[in-house]
Amino acid sequence: LNKGKMIYERDNDDLHTNYFDEFIQNCKIVDRIISQTHSNILLIGSYAVGRKKCVRITSSAKNYEQFSLSLTKDYSMKEFKKNIKDVFNIVTVENRVVLFIIEMHHIIQPEFMEYINSLLCSGEVPSLLSRDEQDSFLNQLMNEFKEQNEYRTPYEFFISRIRKNLKLCILLDHDDKEFNQIILNNPALVTRCNVVWFNELSEDTLKQLIKDELQSSFTLLQKSNIINEKDTTLIQQAMIDMYKATSNRSE
Numbered sequence: 002l003n004k005g006k007m008i009y010e011r012d013n014d015d016l017h018t019n020y021f022d023e024f025i026q027n028c029k030i031v032d033r034i035i036s037q038t039h040s041n042i043l044l045i046g047s048y049a050v051g052r053k054k055c056v057r058i059t060s061s062a063k064n065y066e067q068f069s070l071s072l073t074k075d076y077s078m079k080e081f082k083k084n085i086k087d088v089f090n091i092v093t094v095e096n097r098v099v100l101f102i103i104e105m106h107h108i109i110q111p112e113f114m115e116y117i118n119s120l121l122c123s124g125e126v127p128s129l130l131s132r133d134e135q136d137s138f139l140n141q142l143m144n145e146f147k148e149q150n151e152y153r154t155p156y157e158f159f160i161s162r163i164r165k166n167l168k169l170c171i172l173l174d175h176d177d178k179e180f181n182q183i184i185l186n187n188p189a190l191v192t193r194c195n196v197v198w199f200n201e202l203s204e205d206t207l208k209q210l211i212k213d214e215l216q217s218s219f220t221l222l223q224k225s226n227i228i229n230e231k232d233t234t235l236i237q238q239a240m241i242d243m244y245k246a247t248s249n250r251s252e
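Just so you know, we're using the working numbering here: the sequence shown kicks off at 2 and counts up by one.
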């Protein structure tokens, strides 16, 4: 975990991660799944249970490339298609493993999930590539195709690269009003993904997290006689109640 955290933070922001027991166990599960070939993963949970941090750390430890959508106010199907094509280039021409992270707030159009469902089923998206775009991919792979005997056509070889190197990671919030419909409309999320449920953090874990993060502040305030030990306990409980209320915001 420390290796993955260090690698990720070398090129990105500080993750501010606490290694509590539930987080470590979830990381072990995710690590085992993404280590497999042709593996995709669906992480179901509520807000702020550490799913994305877990994925970031475990995939960084394996030196997987991480790809996530960067939404803007003008983001549309056109940009989404381009992002998928960019990922295709990395996993086929560059022959690198990519963990493609799709979060609940990324699904601004139902059609996005139709594309993801198709990728999960077959490794391809019908009509995504124009003839010229497809030919460009195949031409760049032609030399490698000729050096192997497993696949009969350049296109089969192209799809095999996608299926081998692309790992889809979908994060869905079970308390979101769209959750059930997304699952019903996209059955490959269940049939073609390893499904992992992230439970809400236990109260003991929440208390420990708050203590770890705010211990220095609590100590300073107590030394200054601004708060006492009882006040500290009350503050911790209030923060726990706020977390639970936020986690259940859609219910």
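Glycine is no exception: its CB is placed at the ideal position from the N, C-alpha and C atoms.
- Out of Asp87, Ile102, Ser77 and Gly124, the CA that lies nearest to the CA of Ser60 is found in Ile102.
- Taking the Cβ atoms as the reference, Tyr76 lies roughly 20 angstroms from Val99, outside the contact range of under 8 angstroms.
- Looking at Gln26, Asn195, Gln135 and Cys28, the one whose alpha-carbon comes closest to that of Asn90 is Gln135.
- Every alpha helix (DSSP H) of 4 residues or more that sits fully in the stretch 16-72 is shown, in chain order, as 22-35 and 52-62.
- Following the DSSP letters along the chain, one finds Lys165 inside the alpha helix (DSSP H) bounded by residues Pro155 to Asn166.
- Under DSSP, Cys122 forms no beta bridge with any residue.
- DSSP lists Ile42 as the beta-bridge partner residues of Asn195.
- A buried status is given to Ile42, since no fewer than 16 other beta-carbon atoms sit within 10 Å of its beta-carbon.
- Taking the CA atoms as reference points, Thr38 sits about 48 angstroms from Leu235.
- Shown here for Ala189: same chain residues with a beta carbon closer than 7 angstroms to its own, the five before and five after excluded, namely Asn118, Leu121 and Cys122 in chain order.
- Where Glu80 is concerned, the enclosing alpha helix (DSSP H) starts and stops at Met78 to Val92.
- In this structure, Leu167 sits away from Pro155, with a CB-CB distance that is not shorter than 8 angstroms.
- In this structure, the alpha-carbon of Ile108 lies about 12 angstroms from that of Gln182.
- Rounded to the nearest angstrom, the gap between the Cα atoms of Asn84 and His106 is 16 angstroms.
- Rounded to whole angstroms, the gap between the alpha carbons of Ala62 and Ser36 is 11 angstroms.
- Around the CB of Asn150, fewer than 16 other CB atoms lie within 10 Å, so the residue is classed as exposed.
- Shown here, Ile183 sits in a helix according to DSSP, grouped into three states.
- Residue range Arg132 to Lys147 is occupied by the alpha helix (DSSP H) that includes Leu139.
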